[in-house]
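Using our numbering, read the sequence shown as starting at 942 and increasing by one per residue.
Beta carbons are placed, not taken as given, at the ideal position from N, Cα and C, and that holds for glycine.
I have placed the structure first, in the form of structure tokens, so that the comments after it can refer back to it.
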Amino acid sequence: MQFFRYPIPKDIKVLLRILDIHCEKDLIDYFESEIQKYSRIDFGWMLFKNPKMKKLFYFYQSHANNEEIPFLMNFAPIVQKSFLLSGVFDVKQLKEFAMTDLIVSLIGSNSKYNEFVRAIVREEEGALDNFYDHFSTRVRCRLRYFEVENFYDLRNFMRETNLDVSGLGVKGKQEILAVWEREMMRR
């Protein structure tokens, strides 16, 4: 049991023996095969339901990613639950999640981790949060309602509706046009 780079937490020693994991390579092989067996969301549910398996997974992440602290250990348990149940276990998966869903749906809008997570996603081209950050809450809600998720969709939305939709108002139209002009000047 001494063939790991990092000290083994006491509460997972028995689980390592049960699963016949004796070294770092066994640990990495075990979790890579488990991840292949299940979808990410099902795997997250399995980790959520079994706290010792979750600790073993964190131990695996510290070895697999050559980092002292696994990504999910940066968050409180309630936020970890949200990440696990969404199938987000590391930075790469967080960036993939940001392409199709809003970070707010993962951790909430008032979370103290909001800035930390947004900083990770900020540079990603095509992340939904980056698009919606340009708009006020009211306009953001209307754009989501009409399934406008990027500047290409916004262009089509403006062509099809001429911004003459209910709930948008004069200020909302002005805000959309201002953001559109700014984006076109930037490109």
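Proximal residues to residue i (C-beta, below 6 Å), its chain only, five neighbours per side dropped
i, result
"residue 1011", "999, 1002 and 1003"
DSSP state of residue i mapped onto helix, strand, coil
i, result
"residue 1076", "coil"
"residue 1038", "helix"
"residue 944", "strand"
"residue 1015", "helix"
"residue 984", "helix"
Supposed close pair residue i, residue j - CB separation, criterion 8 Å
i, j, result
"residue 1043", "residue 1073", "7 Å"
"residue 1013", "residue 1030", "6 Å"
"residue 1083", "residue 1071", "No, residue 1083 and residue 1071 are not in contact; Cβ-Cβ is about 18 Å, not under 8 Å."
"residue 949", "residue 956", "Going by Cβ atoms, the distance from residue 949 to residue 956 rounds to 10 Å, so no, they are not a contact pair."
"residue 1057", "residue 1026", "Contact flag wrong, Cβ pair sits at about 19 Å."
"residue 1052", "residue 1020", "7 Å"
"residue 1028", "residue 981", "3 Å"
Close beta carbons around residue i, own chain, < 7 Å, minus the five adjacent residues each side
i, result
"residue 1098", "1087 and 1089"
"residue 1120", "1075 and 1076"
"residue 962", "968 and 971"
"residue 1054", "1016, 1020 and 1048"
Inter-residue spacing [alpha-carbon to alpha-carbon] between residue i and residue j
i, j, result
"residue 1109", "residue 1081", "10 Å"
"residue 1038", "residue 1060", "14 Å"
"residue 997", "residue 953", "6 Å"
"residue 944", "residue 964", "5 Å"
"residue 1035", "residue 966", "26 Å"
"residue 942", "residue 1094", "Any reading at residue 942 is ruled out, since the residue's pLDDT is 47, under 50, leaving its predicted position unreliable."
"residue 1112", "residue 1124", "18 Å"
"residue 1032", "residue 1065", "12 Å"
"residue 1018", "residue 1103", "46 Å"
"residue 993", "residue 959", "12 Å"
"residue 1114", "residue 1106", "10 Å"
Same chain, Cβ closer than 8 Å to residue i, neighbours up to 5 away in sequence not counted
i, result
"residue 979", "987"
Bridge-paired residues (DSSP) for residue i
i, result
"residue 964", "944"
Contact with chain C by residue i, beta-carbon distance below 8 Å
i, result
"residue 1088", "The question asks about chain C, but that chain is absent: this structure has only one protein chain."
The ligand NAD heavy atom lying under 7 Å from the CB of residue i
i, result
"residue 1098", "Summarising the ligand content, the structure contains no ligands, and the ligand NAD is consequently not present."
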